[in-house]
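Residue numbers (the numbering used here): 533 to 638. All C-beta atoms, glycine included, are put in the ideal place defined by N, C-alpha and C. Please read all numbers here as calculations on a predicted model, not as lab measurements. Okay, so here's the structure we're looking at.
Structure representation (structure tokens):
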């Protein structure tokens, strides 16, 4: 979870799914109990060691400081690798989230 200050934002979020069949991510406003943005539906076969990503792309507004979270659902649970396999090289990065706050005109 994370908190964003009031404003209008553009978001680009990428969430991996690995061998979980259908999966989809979403950006959810925990404070307001509201869906903000829905990600793409993806499919990665559960027997072929395939990883792909659900992308959340869009624009949204929060009127006060709000707690948000990225949620991700899939058909099959893979406790160790479902949201991306480990490389064991260094620190692992799975979900990537970028937010740009729009500047209000004077």
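Three-state class that DSSP yields for residue i in the structure shown
i: residue 561; result: strand
i: residue 614; result: coil
i: residue 556; result: strand
8 Å Cβ cutoff met for residue i and residue j
i: residue 545; j: residue 625; result: no
i: residue 586; j: residue 543; result: no
i: residue 615; j: residue 571; result: no
i: residue 535; j: residue 598; result: yes
i: residue 600; j: residue 573; result: no
i: residue 560; j: residue 591; result: no
Of the residues the options, the one placed nearest residue i, counting alpha carbons only
i: residue 554; options: 617, 561, 594, 576; result: 576
i: residue 619; options: 608, 598, 583; result: 583
i: residue 538; options: 595, 599, 569; result: 595
N- and C-terminal bounds of the beta strand (DSSP E) containing residue i
i: residue 629; result: 628-633
i: residue 550; result: 539-550
i: residue 601; result: 598-606
i: residue 582; result: It is not in any beta strand (DSSP E) - residue 582 carries neither H nor E in the DSSP assignment.
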